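Engineer:
Numbering (the working numbering), first residue to last: 315 to 1031.
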């Protein structure tokens, strides 16, 4: 009798058939999962020069005896790239590498191409939970998929749970502790394995003793449980159906029916073990159709049955081949990919990016029907949710970077500059508390503004003209009033535009000559008062300052007044040599790489108006400190009148920090993962028409700049 070929052998044969005409080409395989592991075992005669993976941290490492290479190496040494993963990931991967200077093929031999689709024009948006309920009423038996249907993980991809486990193991045992490679190989060497069987094989491969093996096994199991969140409306629907119909749970998984029963219990579903059909126990799969055949013939028989699941092939197409009706619902991941921010998906490469998106999926994309009303456009339920999604990852990443940089710089105290620091200092303190960050620098809030510190920095009369040259839009009279607190002489009233006067230094000096003495006297009093205020704060000698953006003028004039070179930490910083502030002060930007000297390529800078409108205080700009040490402020503007929106959004930011901290709770501060580039791109993706601002958002955010003019404009028109 002829031996039946395994699916692994079929995959190898299909690859050889698809690429027989390209056998002489040097191939870079994209994918480090099971498909690549089994493929490499049977590709004699093919030139596989390296593997590619979305995780840049893996570059240079070997897996299955082949090195993981970067883009430059692939472009230099390979002739083609073959995407060797499940078809569901092809589009995402191609969008990630489509600009590489190499032909890209899918594993079936087709030349990869981009499929352009407007997210609004999607038939799925016409489905509804009411329609699903009507379908359920028509059938005798109902079955549910489990993962991504009834629950969602707090990672973008399931595999990223294992990446988190390895990070925890590295934190405990050291960087040399190898987990992922053994874990991958163990699965690759087995067909339809159970969780226990995977670890039996892992033990053989690694040589770990039983105690260590069990510790790792329990860590993976506990981490898996920690990552699970119920899809609330689907769990509610399932529990309603359980009351009056036969319900089965069908899954392709390595967890046994007993383990899946425990998982279902944690999300509030009381399932009996004999109603859970899982591939690892039956040695049959939904993907191949064999589990559906068993279900149809042995259980459904002559009854009418409906299956509900998120995998279009496994949960919709395959059961229908065996006369089982099916209803397709989208996973949280699929909703993201087909939403108004779907273009962020190719950027999800690092573990941190996966965790960030996972948290957003669990919160924002929990329901399969959440985007149907808006045809795929994100719309937040409230301002706390807005803060969580829009600014949570940005703030977590910035705080992680701030503590890392300040530690390297020997900073003992972090000074948060008003008014940006009003919300940031509380976020910083919550970040330190949530992560139990030891030895974090003390946080101090400094009353300051460009208006106040420019005036206080004037020590000699010639300093007046440096401050006066700082751009102002308005009349000369308005300039005197708002820059120096003086009224223009009635005998010389003029409506000359100050920006024209500032173009010529001679004219500027002539205009100010009449007021020079009054300006000097006033600024000397303001200087003395401000120095006394600083003295009362008793700042440590090695302090750094925090500001949002960009040029560092406040830091520059503070350093000038104190005659001190100060370190400044910004969301983005203009580090070009033409910026005098960074020549005389030390400035660093979080959301920019070393080649971006201007900071203007960042999403933070491109949306600077919103950043500055959000990070403000509930009171007007500081004008000066008076003789009593009290703050004298300008009047409130629209941002101050609508400040409560910011407090609600701040709650969302803090919630994100708490959730992310919980996911990384076993990691040391040095092992804590973050990703500045991704956080910036996610923020930009959302701000660039990625979500629908609520009415209150549109009415609450304005760009204003009191040192330049006294006008304001709405962020969202």
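C-beta: ideal position from N, C-alpha, C; glycine also.
Small disclaimer: the values here were computed from a predicted structure and weren't measured.
Within a Cβ cutoff of 8 Å, which residues of the same chain sit near residue 575, ignoring the five residues on either side of it in sequence?
Structural biologist: So the list reads 585, 586, 587 and 590, once near-sequence residues are dropped.
Engineer: Per the contact definition of three or more C-beta pairs closer than 8 Å, is the region 633-642 in contact with the region 953-970?
Structural biologist: No contact exists between the region 953-970 and the region 633-642.
Engineer: Could you round the C-beta distance between residue 577 and residue 569 to whole angstroms and report it? I think they count as a contact, below 8 Å.
Structural biologist: So it is a contact: roughly 7 Å between Cβ atoms.
Engineer: Buried or exposed, going by whether 16 or more other CB atoms sit within 10 Å of the CB of residue 1068?
Structural biologist: Any answer about residue 1068 is impossible in this case: the structure gives the chain only from 315 up to 1031.
Engineer: Please work out which residues of its chain come closer than 8 Å, Cβ to Cβ, to residue 537, disregarding the five sequence neighbours upstream and downstream, and give them in chain order.
Structural biologist: Within the same chain, residue 537 has close Cβ partners 475, 478, 479 and 482.
Engineer: Tell me the residue span of the beta strand (DSSP E) that contains residue 467.
Structural biologist: Start and end: 465-467.
Engineer: Which class does residue 1016 belong to by DSSP, given the choice of helix, strand or coil?
Structural biologist: Correct three-state label for residue 1016: strand.
Engineer: For residue 528, does the count of other Cβ atoms within 10 angstroms reach 16, so buried, or fall short, so exposed?
Structural biologist: That one is exposed.
Engineer: Please classify residue 453 as buried or exposed, where buried requires at least 16 other C-beta atoms within 10 Å of its C-beta.
Structural biologist: With 16 or more Cβ atoms within 10 Å of its Cβ, residue 453 is classed as buried.
Engineer: Where does the unbroken beta strand (DSSP E) through residue 894 begin, and where does it stop?
Structural biologist: No beta strand (DSSP E) holds residue 894; the alpha helix (DSSP H) holding it covers 894-898.
Engineer: Nearest-angstrom Cα distance between residue 805 and residue 892?
Structural biologist: For residue 805, the predicted model reports a pLDDT of 49, less than 50, meaning its position is unreliable and no value from the coordinates is stated.
Engineer: Could you tell me whether any Cβ in chain C is nearer than 8 Å to the Cβ of residue 813?
Structural biologist: Among the chains of the structure shown, chain C does not appear; only one protein chain is present.
Engineer: DSSP on residue 760, reduced to helix/strand/coil?
Structural biologist: Strand, per DSSP.
Engineer: Just list the residues that DSSP pairs residue 366 with in beta bridges.
Structural biologist: Bridge partners of residue 366: 344.
Engineer: Hey, how far is the Cα of residue 617 from the Cα of residue 631?
Structural biologist: If you take the alpha carbons of residue 617 and residue 631, they lie about 19 Å apart.
Engineer: Leaving out the 5 sequence neighbours to the left and right, which residues in its chain are closer than 6 Å to residue 745 when beta-carbon positions are compared?
Structural biologist: Within the same chain, residue 745 has close Cβ partners 713 and 971.
Engineer: Given that a residue counts as buried once 16 or more other Cβ atoms are within 10 Å of its Cβ, and exposed if not, what is residue 434?
Structural biologist: Exposed is the call here.
Engineer: Cβ of residue 458 within 8 Å of Cβ of residue 552?
Structural biologist: Closer than 8 Å, so yes.
Engineer: Taking the alpha carbon of residue 518 as the reference point, which residue from 506, 501, 505 and 722 has its own alpha carbon closest?
Structural biologist: Of 506, 501, 505 and 722, the residue nearest in Cα terms is 501.
Engineer: Which full runs of the beta strand (DSSP E) of 3+ residues lie inside the region 584-669, going along the chain?
Structural biologist: Those beta strand (DSSP E) runs which fall completely within the region 584-669 and span 3+ residues are 590-592, 619-623 and 639-642.
Engineer: Where residue 598 and residue 507 are concerned, what is the direct C-alpha to C-alpha distance, given to the nearest angstrom?
Structural biologist: Roughly 11 Å separates the two Cα atoms.
Engineer: According to DSSP, is residue 816 helix, strand or coil?
Structural biologist: Coil at residue 816, not helix or strand.
Engineer: Between which two residues does the alpha helix (DSSP H) holding residue 410 run?
Structural biologist: From DSSP, the alpha helix (DSSP H) with residue 410 extends over 404-411.
Engineer: Beta-carbon within less than 8 Å of residue 512's beta-carbon, same chain only, minus the 5 sequence neighbours each way: which residues are those?
Structural biologist: Result list for residue 512: 497, 500, 501, 504 and 568, in chain order.
Engineer: At 3 residues or longer, and completely inside the region 732-760: list those beta strand (DSSP E) runs for me, N to C.
Structural biologist: Listed in chain order, the complete beta strand (DSSP E) runs (minimum 3 residues) inside the region 732-760 are 756-760.
Engineer: For residue 781, does the three-state DSSP call read helix, strand or coil?
Structural biologist: Of the three classes helix, strand and coil, the one that applies to residue 781 here is helix, per DSSP.
Engineer: Pull up the distance between the alpha-carbon of residue 780 and that of residue 874, whole angstroms please.
Structural biologist: In a straight line, the C-alpha of residue 780 is about 12 Å away from that of residue 874.
Engineer: Would you decide whether residue 942 is buried or exposed? Buried here means 16 or more other CB atoms lie within 10 Å of its CB.
Structural biologist: Exposed: under 16 other Cβ atoms inside 10 Å.
Engineer: Alpha carbon to alpha carbon, how far is residue 533 from residue 384? Give it in angstroms, no decimals.
Structural biologist: About 31 Å.
Engineer: How big is the Cα-Cα spacing for residue 870 and residue 768?
Structural biologist: Roughly 9 Å separates the two Cα atoms.
Engineer: Assuming residue 466 and residue 543 form a contact by the criterion Cβ under 8 Å, report the distance between their Cβ atoms to the nearest whole angstrom.
Structural biologist: Yes, they are in contact, since the Cβ atoms of residue 466 and residue 543 sit about 5 Å apart, within 8 Å.
Engineer: On the DSSP bridge assignment, give the partners of residue 420 in chain order.
Structural biologist: Bridge partners of residue 420: 397.
Engineer: In three-state terms, what does DSSP make of residue 974?
Structural biologist: It is helical.
Engineer: How would you call residue 999, buried or exposed, if buried means at least 16 neighbouring beta carbons within 10 angstroms?
Structural biologist: Looking at its Cβ environment, which holds 16 or more other Cβ atoms inside 10 Å, residue 999 is buried.
Engineer: Whose CA, out of 790, 704, 754 and 948, lies closest to the CA of residue 928?
Structural biologist: When each option's Cα is compared against that of residue 928, the closest is 704.
Engineer: Given 8 Å as the limit, is there contact between the region 907-915 and the region 816-824, that is, 3 or more CB pairs closer than that?
Structural biologist: As far as the Cβ criterion goes, the region 907-915 does not touch the region 816-824, which means the pair count is below three.
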